[in-house]
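Some notes on the structure that comes next.
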Amino acid sequence: MASGRQFRFLLTSFCVSTLIAHTKQQCTVIKPVSLPLTNCTVRQPDGSDIESWGVLVGLGSPRQELCLIPSTVVSNPLLMGSELCVGDNLNGSTPEQCASRRGGLIDTSSEDFSFVGLPIDKANLTSDRVWARIMKPFQPYKVAGTVDLDLKHNLRLENLTVAVITEGQKHNVGHLGLGPNSTVLAGLISQGVIHDKGFGLNAGSQSYDKPRPGSLVLGGYDKANVIGAFREYPMNRSSDDRNCPLQLNIVRLALRRPGQEDVDLSPRGVIIPSCIEPYDNLFRMLPYVLDDFRQNTGWSNDTVVPNDLYVVEPGLLYPSNVGFDGSLVFSIEDGWDVEVPNEELQHPLRGLDAEGQMQLRNNTTEVNVFAERALLDKAVLGKAFLSQVYLAVDYKRGVFMLAPLLPDAQGSDLVPFSSDSASCPSGKAGINKGLLIGLIVAPKWFAKQQVADLK
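Laid out in structure tokens, this is it:
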């Protein structure tokens, strides 16, 4: 009798343990995905190579390559079409300069390319109202369609709807749209690749003295890149003319130079709403701030770009014998100061030669402050600012977070935003029906046998 009870106990235990093991196999942790942000060599349809910076992606079949830059201005992937680099669209540049400036071009007209065109009004594109304003008087995009997007090896978004820009000059490298309604993030969640709607960004550094690559994490952030705790800021939901979900309020902007007192570039007590935008390289300042910066740094309009060089995003220019030795200190409303050092603010003038290759001019110093007034009169904190801080954006909670950046982190530690990212992916959740029946029936059967044994 005892041996029978032992056998039934062991059998029931086996069924339950099998059920638990099966459930664990069905429900695995969904980890964030990390993509490199670095120099990328883009192979063009004609077989030539161009150099750019961003995330190298593949499109369709036969594969076409582009370099894309993360952008919060838009929520759609905005690709640069081959039409931009012919005829009047060249705008004084060579075809090679034009293609390099755009990070590569997509040719949707190729008959054997797996791009399925769609009417703009029928395409599944989110509203990018601000981009429409930026592109005026041209249409924001004339071409739309679906294509497979390879973000990295073994990571493909199938039939992703994209927009293709074919005219205008107010754009450079294509946009990897990561705005609040990002179709890329939505597609990755739908495919069960990531769990959380958000991203983490280590923008790296494009300084002349200490360049370093960065990384883009989709569905979470890289804890290994973060020093200390995050500071949290609410997402900006305003519907003004400049879409700015990642808005910081700057209460003081100061120019700091060795051996001198700091110079205020903004009136004390005046808040400067500023957009964090990884698409932009340079700081974009309000007119009065830009004027103060020029005046306090000895800038003059005598230094110009040489005719044989094409500068993609022109900063303020100084003769090399004058140069620039200073840093910018941004005081944020919550009491945190972020200092952008000199090495991130100045470098020899960089531009594209006639062959589209990057060249330096050591007789001219370029400062990473956009030479013109800020677009749509909104200050912008671009990659120079992000060289000092790690950015994490959690759309589900409606917040973004900043922390001091650890520039030389070894390895990675990818962390999802939500604690429930270990839940079962859609379509894989739940318990096998047979096992569920076994779980219900086995204890009842075991109990009956126990009663029978007692009789």
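When you line the sequence shown up against mature numbering (1 follows the signal peptide of the UniProt record, and there is no 0), it's residues -25 to -1, 1 to 430, in that order.
We treat Cβ as the ideally placed atom computed from N, Cα and C, and that holds for glycine.
Roughly how many angstroms separate the alpha carbons of residue i and residue j, rounded to a whole number?
| i | j | result |
| --- | --- | --- |
| E133 | H146 | 26 Å |
| A346 | P186 | 23 Å |
| S394 | H170 | 10 Å |
| D369 | G78 | 28 Å |
| L350 | E308 | 23 Å |
| V139 | M260 | 29 Å |
| M376 | P391 | 14 Å |
| S165 | V105 | 26 Å |
| E71 | I225 | 40 Å |
| L221 | G203 | 21 Å |
| A404 | I5 | No answer about A404 holds up, because its pLDDT of 45 lies below 50 and its placement is not dependable. |
| W311 | S182 | 24 Å |
| R325 | N337 | 9 Å |
| G357 | L292 | 18 Å |
| G149 | N296 | 36 Å |
| K97 | S68 | 34 Å |
| Y208 | H322 | 32 Å |
| Q114 | G143 | 9 Å |
| G29 | G167 | 25 Å |
| L54 | L176 | 21 Å |
| L135 | L361 | 29 Å |
| T121 | G62 | 27 Å |
| V264 | A378 | 26 Å |
| N256 | S157 | 21 Å |
| P52 | D239 | 39 Å |
| S302 | N14 | 26 Å |
| A354 | L223 | 10 Å |
| D184 | P233 | 19 Å |
| V201 | D388 | 10 Å |
| L65 | D237 | 43 Å |
| C42 | G179 | 16 Å |
| G402 | C219 | Only weak support is given to the placement of G402: the predicted model assigns it a pLDDT of 45, under 50, and the value that follows is read from those uncertain coordinates. Looking at the two C-alpha atoms, the distance is approximately 36 Å. |
Between which two residues does the beta strand (DSSP E) containing residue i stretch?
| i | result |
| --- | --- |
| Q222 | Q222 to R231 |
| E71 | E71 -> not in any beta strand (DSSP E); alpha helix (DSSP H) instead, spanning P70 to R76. |
| residue 449 | Residue 449 cannot be examined here, being either before or after the span of the chain that is shown, -25 to 430. |
| G67 | Neither: G67 is in no beta strand (DSSP E) and is coded neither H nor E. |
| A378 | V374 to P379 |
| E207 | R206 to P209 |
| L53 | L53 to M55 |
The alpha helix (DSSP H) with residue i in it runs from where to where?
| i | result |
| --- | --- |
| A367 | Counting along the chain, A367 falls outside any alpha helix (DSSP H), though it belongs to the beta strand (DSSP E) covering V364 to D369. |
| L265 | P262 to N271 |
| F360 | K358 to L361 |
| M110 | R104 to M110 |
Would you list the residues sitting across from residue i in a DSSP beta bridge?
| i | result |
| --- | --- |
| F305 | L228 and V313 |
| Y183 | None, per the DSSP bridge assignment. |
| Q334 | G326 |
| F174 | L193 and V368 |
| L292 | E341 |
| E40 | G33 |
| D125 | G33 and R131 |
| Y285 | L327 |
| R259 | V355 |
| Q321 | V342 |
Which of the three DSSP states, helix, strand or coil, is assigned to residue i?
| i | result |
| --- | --- |
| W28 | strand |
| K117 | coil |
| E86 | coil |
| T158 | helix |
| D197 | strand |
| K353 | coil |
| N134 | strand |
| I246 | coil |
| P151 | Here the sequence assigns Leu to residue 151, which means Pro is not the residue at that position. Correct three-state label for L151: strand. |
| S46 | strand |
| L389 | strand |
| I95 | helix |
| D383 | coil |
| L163 | helix |
| D239 | strand |
Are the C-beta atoms of residue i and some chain D residue less than 7 Å apart?
| i | result |
| --- | --- |
| A384 | Checking the listed chains, one finds no chain D in this structure; it contains a single protein chain. |
Is residue i near the ligand ADP, with its Cβ less than 6 Å from a heavy atom?
| i | result |
| --- | --- |
| Y208 | Of ligands this structure carries none, so the ligand ADP is not represented either. |
| Does the segment 83 to 91 touch the segment 196 to 216, meaning 3 or more C-beta pairs lie closer than 8 Å? | Of all C-beta pairs linking the segment 196 to 216 to the segment 83 to 91, fewer than three are shorter than 8 Å, placing the two stretches out of contact.
| Contact between the segment 271 to 286 and the segment 375 to 385 (3+ Cβ pairs under 8 Å) | The segment 271 to 286 vs the segment 375 to 385: no contact.
| message | I'd like to know if the segment 95 to 108 and the segment 6 to 24 are in contact, where contact means that at least 3 CB-CB pairs between them fall below 8 Å. | response | Between the segment 95 to 108 and the segment 6 to 24 there are fewer than three inter-stretch CB-CB distances shorter than 8 Å, so the stretches are not counted as touching.
| Per the contact definition of three or more C-beta pairs closer than 8 Å, is the segment 45 to 63 in contact with the segment 238 to 258? | Proximity of the segment 238 to 258 to the segment 45 to 63 meets the contact definition, three or more beta-carbon pairs being nearer than 8 Å.
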